[in-house]
Structure formats: C-alpha cells, structure tokens
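First residue of the sequence shown: 11, per this note's numbering; consecutive thereafter. Step one of this worksheet: look at the structure below.
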Amino acid sequence: MRERALEVIERLEKLYPDARLELEYDNAFELLIEAILAAQESDKKVNTLRAELFSKYKSPEDIVRVPLEELEKDISSINFYRRKAKLLKKCCEALVKEFGGEIPKSVEEMVKLPGVGRKTANMVLGGAFNLPAIIVDRHVLRVAQRIGFTDKKDADKAEQDLMDIVPEELWTKFSFLLLNHGKNLCTAKNPKCEECPICELCDSCKVKL
C-alpha cells in the first residue's frame, strides 16, 4: 500500500507541480482565521475578503478587542457569519489567554481552540508552518476513498489510515495533491477518470473500466 501511495504522489506531482491550498494567506494567523471562515463557504469567497479583513485585523488581540457586531459586519458576506464571528472571538480569546497570542504548532494544542478541529489544525500546521500534516477535507477524503487508501467515512479515522500509509515527510504534499486532484479531476460528480494519471492505481476507476 505504501508503494502505491508513493506512486500516486509521483504521478500527481507531475500534474500539480505547484499543489497548495486555495486559500491565500501570509502567516499562520491569517490561515487559521480563513479556515474557520471557509467552513461551508468557498475558498474563493474567503479570498475576496482577506485584503480588507487583514488590513484591519493583524493579530488575535485585534479580534478580541473589536465589538462582536463590528466583526459580524466585516464578515457579513460569508455564510453563517454571525456564528463564525462568535467562533473567531472565542478562538482568539483562547489564543491570547492560553498561548500569548501565538499560533500553537501541534494538533493537540490547536484543537483546544474553539472552532478548530483536526482538519483546520492540520491545515495550519502544514500550510503555514510546513510541518507534516494529513489534511482531510471532503476532497481529500473522497479521493482517498476512491483510490482505496481508506474505507472510513469519519475524517479523523481516515486521517489515521493515511498517516499509516504515507511517509510522514510527505504528509503535507500528499494532502495538497489529493486536495487539488479532488477539485480538478476527481470531482464528486462526473469524475474525469479518462484524464486521470492514477486511474490504473485507483480501485474506483478499475470498477468503471
């Protein structure tokens, strides 16, 4: 299984040489905030907000200080903005109180923050800190299931399966590659199997053929 994972990585690297997150960010704080905003919202929509948002909010302390109603107004173009504004406030309050305003660099510490699950924690660790991280969003989960790397529907359990298969130093790269593949070719509806470079390695593609 590990050899197949390495082959998948090698082939997808040729297709996505610059594979990365779609969210645009300059630091870990920005990525954390954006990841919370991106829940049930498109990354593209969050990206349109970032310039104005981070010209005003440059640190967790800035979000702690602002009135909730003002923060709601600033993110009102985002789905579920009222709930997310409360989450951002609570998350940043915890960051300031528990971590001195610094973004922690471990999943165990990150998930202590309100609004942060393992997916978001791993996204920040892998995307902003370049630390090994398996990021299981809906795209990664779908592609991993189709290939046959996991049969778990629960993202946390699928993460463990993938951690066992993929060498640790390749966790983040693997995640970015599957994320990009899930958005581009291995889509939820009508996947483009005929264009897929890993078709012969994929359990689902073999079924279709």
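Cβ coordinates follow ideal geometry from the N, Cα and C atoms, glycine included. What you are looking at is a predicted structure, and each value in this text was computed from that prediction instead of being measured.
| request: Count the C-beta pairs between the region 121-137 and the region 17-28 that are closer than 8 angstroms, then say yes if the count reaches three, no if not. | output: no
| task | Output the distance between the C-alpha atoms of Phe39 and Pro207, rounded to the nearest integer angstrom. | result | 36 angstroms
| DSSP state of Ser214, grouped into three classes? | helix
| task | List in chain order: all unbroken alpha helix (DSSP H) runs of 4+ residues lying wholly within the region 108-179. | result | 117-120, 128-138, 148-157, 165-175
| request: In angstroms with no decimal places, state the Cα-to-Cα distance between Leu219 and Cys203. | output: In this prediction, Leu219 has a pLDDT of 47, which is less than 50 and means its spatial position is unreliable; what the coordinates show is noted afterwards. Roughly 9 angstroms between the two C-alpha positions.
| Got a sec? Which residues, its chain only, sit under 6 angstroms from Glu32 by beta carbon, not counting five neighbours each side? | Asp53
| Between the region 131-138 and the region 102-111, do three or more beta carbon pairs fall short of 8 angstroms? | no
| field | C-beta atoms of Leu41 and Ala138 nearer than 8 angstroms | value | yes
| request: State the DSSP-derived secondary structure class of Glu70, mapped to helix, strand or coil. | output: Checking the sequence, you will find Pro at residue 70 rather than Glu. In the structure shown, Pro70 sits in a helix (DSSP, three-state: H, G or I).
| Other residues of its chain near Phe186: CB distance less than 6 angstroms, five sequence neighbours each side excluded | Ala29, Arg30
| request: With a threshold of 16 other CB atoms inside 10 Å of the CB of Arg12, please say whether the residue is buried or exposed. | output: exposed
| query | Taking just the CA atoms, how far does Met173 sit from Glu17? | reply | 16 angstroms
| Three-state secondary structure (DSSP) of Val76 | coil
| First and last residue of the alpha helix (DSSP H) that includes Thr182? | 181-194
| request: Starting from the Cα of Asp147, find the closest Cα among His191, Gly158, Tyr67, Ala104 and give me that residue. | output: His191
| request: Find the nearest neighbour of Ala49 within the set Pro142, Thr197, Glu103, Ala95, judged by alpha-carbon distance. | output: Ala95
| field | Same chain only: Cβ atoms within 6 angstroms of His149, ignoring 5 sequence neighbours per side | value | Leu189, Gly192, Lys193
| How about Ile88 and Lys66: do their beta carbons lie closer than 8 angstroms? | no
| Per-residue burial, Leu195 [other beta carbons within 10 Å of its own, 16 or more giving buried] | buried
| Straight-line Cα distance separating Arg60 from Glu44 | 8 angstroms
| message | Using CA atoms only, rank isn't needed, just tell me which of Leu78, Glu71, Asp84, Asp213 is closest to Thr58. | response | Asp84
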